[in-house]
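Residue numbers (the numbering used here), protein chains in the order written: chain A, 159 to 276; chain B, 433 to 542.
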């Protein structure tokens, strides 16, 4: 149990386009989802926290108008990178916490999405 | 000062060796501590939580020293499959946020 999927696993796009990444909890209800970004040889950095049905809370330095997060249901959150630029190229990972196995605190990570902006 | 600091390594050890990693954290009010493992270009996976009294899971032993604000991970009888980056993770504010260290890379060779 406690499986989180992400789609797509890899995306290459041109500068200026928008990219949507989906994060799904497959077998539990995710009351909270988290979006992280990881640059090469660096740690995971939390970008934002989203609770189902409410606006996401963004970390300092993360532009909410550039990284649009929607958490419309208990099993799906989306991250849209708007007007992507090469510096947005990174590994984007979501995680979810909720009712998996009765443990509401553990975060379960998706497999990540590797974004390359040309 | 970073919230969570780790020696990036790499630690290159032969199979069967014992290796230990340390991690320090800055917020003395931190409540929860974890070790995650991350393979190259993959997502992190929870290896073990770290409890105040120390805990063991097979070949892995985790310890917490609150007074010195450091966490350790000991791996005994290293296997080739242990090669990965080990991430020290702290929940510093007693919320659902996790703060990740940059990781310590381990390479086990035959």
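The beta-carbon is built from N, C-alpha and C at its ideal position, and this holds for glycine as well.
For clarity, every value in this text was computed on a predicted model and none was experimentally measured.
Exercise. With 16 other CB atoms within 10 Å as the buried threshold, where does residue 475 of chain B fall?
Worked result: It is buried - the Cβ of residue 475 of chain B has at least 16 other Cβ atoms within 10 Å.
Exercise. Are any of the Cβ atoms in chain B nearer than 9 Å to that of residue 207 of chain A?
Worked result: Answer yes: the Cβ-Cβ gap between residue 207 of chain A and chain B drops below 9 Å somewhere.
For this session: Identify which residue in B:494, B:531 and B:540 has its Cα closest to the Cα of residue 516 of chain B.
Result: With distances taken between CA atoms, residue 516 of chain B lies nearest to B:540 out of B:494, B:531 and B:540.
Exercise. Is it buried or exposed for residue 243 of chain A, if we count other Cβ within 10 angstroms and need 16 for buried?
Worked result: Classification for residue 243 of chain A: exposed.
Exercise. Which one of A:231, A:236, A:173 and A:238 has the shortest CA to CA distance from residue 186 of chain A?
Worked result: Comparing Cα-Cα distances from residue 186 of chain A to each of A:231, A:236, A:173 and A:238, the minimum goes to A:231.
Exercise. The beta strand (DSSP E) spanning residue 520 of chain B covers which residue range?
Worked result: Bounds of the beta strand (DSSP E) holding residue 520 of chain B are 516-523.
Exercise. Does any CB atom of chain A fall closer than 9 Å to the CB of residue 433 of chain B?
Worked result: It does not; no Cβ of chain A falls within 9 Å.
Problem set entry | chain B contact residues for residue 200 of chain A, given Cβ-Cβ distances below 8 Å | Annotation: Cβ neighbours of residue 200 of chain A in chain B (cutoff 8 Å, chain order): 534.
Exercise. Are three or more beta carbon pairs between the region 435-449 of chain B and the region 219-228 of chain A nearer than 8 Å?
Worked result: Segments in contact, no.
Problem set entry | Separation of residue 189 of chain A from residue 268 of chain A, as counted between CA atoms | The alpha-carbon of residue 268 of chain A is positioned some 15 Å away from that of residue 189 of chain A.
Problem set entry | Beta-carbon spacing of residue 179 of chain A, residue 239 of chain A below 9 Å | With respect to residue 239 of chain A, residue 179 of chain A sits close: the two C-beta atoms are nearer than 9 Å.
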